[in-house]
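Protein chains: 2
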Amino acid sequence: MNKQTKKLTLDDIGALAGVSRATVSRVINDYPHITPEVRERVQKVIVETGYKPNKIAQSLASNRSGIIGLVIPHAVQTILTNPYFLHLINGITQTTNACGLNLSLFLFHSMNEEVQMARSLFYTNLIDGLIITADRKENPFVKQVIQHDIPFVFVGRPQIKVPISYVNVANVMGAYLAAEHLINLGRRRLAIIMCDHNTAGDDRYKGFRQALDDYHIEIDPQRIVRGDFSLESGYVAMQQLFPTVPDAVFAASDMMALGAQRAIRQAGLIIPDDIALVGFDDLPQSALAEPPLTTIRQPIEDLGIEAVNLLNEMLCQKIGLPRQIILPVELVLRAS
Amino acid sequence: MNKQTKKLTLDDIGALAGVSRATVSRVINDYPHITPEVRERVQKVIVETGYKPNKIAQSLASNRSGIIGLVIPHAVQTILTNPYFLHLINGITQTTNACGLNLSLFLFHSMNEEVQMARSLFYTNLIDGLIITADRKENPFVKQVIQHDIPFVFVGRPQIKVPISYVNVANVMGAYLAAEHLINLGRRRLAIIMCDHNTAGDDRYKGFRQALDDYHIEIDPQRIVRGDFSLESGYVAMQQLFPTVPDAVFAASDMMALGAQRAIRQAGLIIPDDIALVGFDDLPQSALAEPPLTTIRQPIEDLGIEAVNLLNEMLCQKIGLPRQIILPVELVLRAS
DNA sequence: CTGAAAGCGCTTACAG
DNA sequence: CTGAAAGCGCTTACAG
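Note that the protein sequences, when read in sequence, are chains A and Z. To get this note's numbering, take the position in the first sequence, counting from 1, and add 1203. To get this note's numbering, take the position in the second sequence, counting from 1, and add 1203.
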């Protein structure tokens, strides 16, 4: 059955339909000026034979592979515990599937691997464009990619002065909303578990401070502690915070908030009675936490969708200048 | 700079090195019989120019794209909450990177998408081989893929009678170990939260029953309840179990165990004093649970590594017949 | 509107 | 050991 049939080519279809291979190619590529009857005849043969063009040959001839790469710089620790990437990939694949694009995954496990693979990414003509996650401030890909003429879109704001295309969520606004909410709750001894490993952390810190400024609330420097976005670091950070007796804590990520929550529980304190707690991300587990975590929801899946759409427009030459897309966030009220 | 340089071709390198393009191709592909000096001269030019072969052209000429596809049938719910896939992808990319293979991701969001994309997967010559996750018993890909001549490896045991290649963990043995551990703890009122959505669930149930048989322990049918591998389902299942007063529960997945754990805590019971609880998977969050969850660790990352290696051998024609690889699991002692 | 032909950048028998 | 040449299966000016 299928196993024996030789692979059909454009010429075969042309012969069967009584036209040239050029014409078959044109109907496949929706070239407009074709006599309707001819088009129909060809399409009939294509359907009957189940012909599918050889994508590799198409790529070589058209200089377009239809493959985009998702680059996740080495951050294994993060990726393995963080559902963020799953949501992102979900949004991305949804959109590539819809656009007829192929998604190639470049996940690096060491700095070395990163450097090695970068070259083959840029030079081998396999990939039409790149979506790159901006996970750290010092992202070597940022510098490398802008020196080449491969189209790319960052997910998250990269730390760089030149204008480039990226999609991001409103981190500053989100943190502002979180702080404002805590203030509206009547809390005044606000604390923050921040993280300055990437620009998202920076922006969230900025939004938090902005809200305090706007509401003329002072913050004790002792109530500003750092984590690394992980649950463990949130746990430790919260313990550093206890001596300062905060009545409200904003954790710059849900994972850290979940860690803080555990420390709070173990200290015998009640959320939100003793300490109000707000996270950032709205991970699936946050809704399931005990008590459910109030947090800032960011539309991670949409980030993936928008990234692909933006890149796709760049590939179709519809866009010249770098473009930035900022997606809104929202406060999700739960325990606090 | 880089932006202006025209892309080099084999001919360019040949001209620069004073040899034909065929020779350059041969040194690039490590063809053995080449005069050392010629090889060196060519390699020098390649390094100096930073030449990288066009992969698309290589693919067309060699009929080998170097791209393998990871197919995740539509199971969005699962994938989004389950770190399993992240570990798997991590193992897979580690190995594809090392082998010089490219990984293309095929994640489906509906049955319809699955059917549509399947054809282009099989017929467009883009993909050399497939790694397919066997997430459900009714996996339409199983039937489709075996009708084509594309090499493939399943991750997990598919429900099918014909012999095919797959990598799997010792589910039966793992569940046996779990039950045996509970028995050794002196428990006799054993219960199981099972799931029959896929063969992993079946196998775990089987191993559990086997241990009970071997130790001549009866099980009250009321103590056999079902979930769907999710936390919520484990929570609900545990509540069904309370009336049967079990002193030990084996949950066929950590997510279900975590749900059960919550139900147990809310019922005011203590783990392991009142109820011993064992899960299966060893997710990152299981070690962080309160109390830490005793579970069966499965080497998910290794599953990815072995899958790629097996597929790669198939692609290199080193292997003819279908092969099955079963990776060991181990009991991880924590609270229970 | 359609076809003949060149070309995309490689690989690989076939000679020598 | 190395080169000339054909070929992989498409796309796309160029004519007509």
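Beta carbons: idealized from backbone N, C-alpha and C, even for Gly. As the structure is a prediction and not an experimental result, all values here were calculated from the model.
- Within the stretch 1445-1504 of chain Z, the complete beta strand (DSSP E) segments at least 3 residues long are 1451-1454, 1479-1484 and 1497-1500, listed from N- to C-terminus.
- For Tyr1369 (chain A), the enclosing beta strand (DSSP E) covers residues Tyr1369 to Val1372.
- Counting only residues of its own chain and dropping the five nearest sequence neighbours on each side, Ile1395 (chain A) has a CB closer than 6 Å to the CB of Phe1411, Ile1427 and Phe1453.
- For Ala1510 (chain A), same chain residues with a beta-carbon under 7 Å away, outside a window of 5 residues either side, are Ile1295, Ile1334, Val1356, Val1358 and Val1370 in chain order.
- Taking a Cβ-Cβ threshold of 7 Å, the residues of chain Z close to Ser1262 (chain A) are Ile1259, in chain order.
- Looking only at Z:Leu1393, Z:Arg1429, Z:Asp1423 and Z:Gln1469, the smallest Cα-Cα distance to Asn1401 (chain Z) is reached by Z:Arg1429.
- Taking the C-beta atoms as reference points, Gly1507 (chain A) is found nearer than 8 Å to Ile1292 (chain A).
- Within the stretch 1225-1253 of chain A, the residues whose Cβ lies closer than 9 Å to some Cβ of chain Z are Gly1253, listed in chain order.
- For Arg1412 (chain A), the nearest beta carbon of chain Z is not closer than 8 Å to its own beta carbon.
- The beta carbon of Met1397 (chain A) is closer than 8 Å to those of Gly1404, Arg1407, Tyr1408, Phe1411, Ile1427, Val1428, Arg1429, Gly1430 and Ala1455 in its chain, skipping five residues each way along the sequence.
- Within the model, the alpha-carbon separation for Asp1505 (chain A) versus Leu1530 (chain A) is close to 8 Å.
- Secondary-structure assignment with DSSP links Asn1232 (chain Z) through no beta bridge to anything.
- Taking C-beta atoms as the reference points, Thr1497 (chain A) and Ser1539 (chain A) count as a pair closer than 8 Å.
- Scanning the stretch 1336-1364 of chain A for uninterrupted alpha helix (DSSP H) segments of 4 residues or longer gives 1343-1349, listed from N- to C-terminal end.
- Listed along the chain, the chain Z residues whose CB falls inside 8 Å of the CB of Met1320 (chain A) are Asn1300.
- Taking the C-beta atoms as reference points, Asp1485 (chain A) is found nearer than 8 Å to Asp1457 (chain A).
- For Ala1394 (chain Z), the secondary structure class from DSSP, reduced to helix, strand or coil, is strand.
- Below the 7 Å Cβ cutoff, chain A contributes Leu1308 and Leu1310 as neighbours of Thr1296 (chain Z), in chain order.
- Beyond the five residues adjoining it in sequence on each side, Arg1465 (chain A) comes within less than 7 Å, by CB distance, of Tyr1438 in the same chain, given in chain order.
- The alpha-carbon of Asn1387 (chain Z) is positioned some 16 Å away from that of Met1376 (chain Z).
- Listed along the chain, the chain A residues whose CB falls inside 8 Å of the CB of Lys1346 (chain Z) amount to none; the nearest CB is some 12 Å away.
- Residue pairing from DSSP places Gly1272 (chain Z) in a beta bridge opposite Z:Ser1307 and Z:Leu1333.
- Listed in chain order, the non-local C-beta contacts of Gly1269 (chain A) below 6 Å within the same chain comprise Leu1304 and Asn1305, local neighbours out to five positions each way being set aside.
- Scanning chain A for C-beta atoms nearer than 8 Å to the C-beta of Glu1316 (chain Z) yields Asn1300, reported in chain order.
- Taking C-beta atoms as the reference points, Leu1434 (chain Z) and Leu1461 (chain Z) count as a pair closer than 8 Å.
- Rounded to whole angstroms, the separation of the alpha carbons of Val1250 (chain A) and Pro1361 (chain A) is 47 Å.
- Going by DSSP, Arg1429 (chain Z) is part of the beta strand (DSSP E) stretching over Ile1427 to Arg1429.
- In this structure, the CA atom of Ser1368 (chain Z) is about 14 Å from the CA atom of Gln1520 (chain Z).
- At a cut-off of 8 Å between beta-carbon atoms, Phe1288 (chain A) makes contact with chain Z.
- For Leu1534 (chain A), the enclosing beta strand (DSSP E) begins and ends at Glu1533 to Val1535.
- Closer than 8 Å to the CB of Pro1256 (chain Z) there is at least one CB belonging to chain A.
- Counting only Cβ-Cβ distances below 8 Å, Thr1212 (chain Z) has no contacts in chain A at all, with the closest Cβ about 11 Å away.
- Burial is judged here by how many other beta carbons sit within 10 angstroms of a residue's own beta carbon; Glu1317 (chain A) has at least 16 and is buried.
- Listed as beta-bridge partners of Leu1530 (chain Z) by DSSP are Z:Val1372.
- Scanning chain Z for C-beta atoms nearer than 9 Å to the C-beta of Thr1327 (chain A) yields Lys1255, Pro1256, Asn1257, Lys1258, Ile1259 and Gln1261, reported in chain order.
- Within the stretch 1355-1387 of chain Z, no residue has a Cβ lying closer than 7 Å to any Cβ of chain A.
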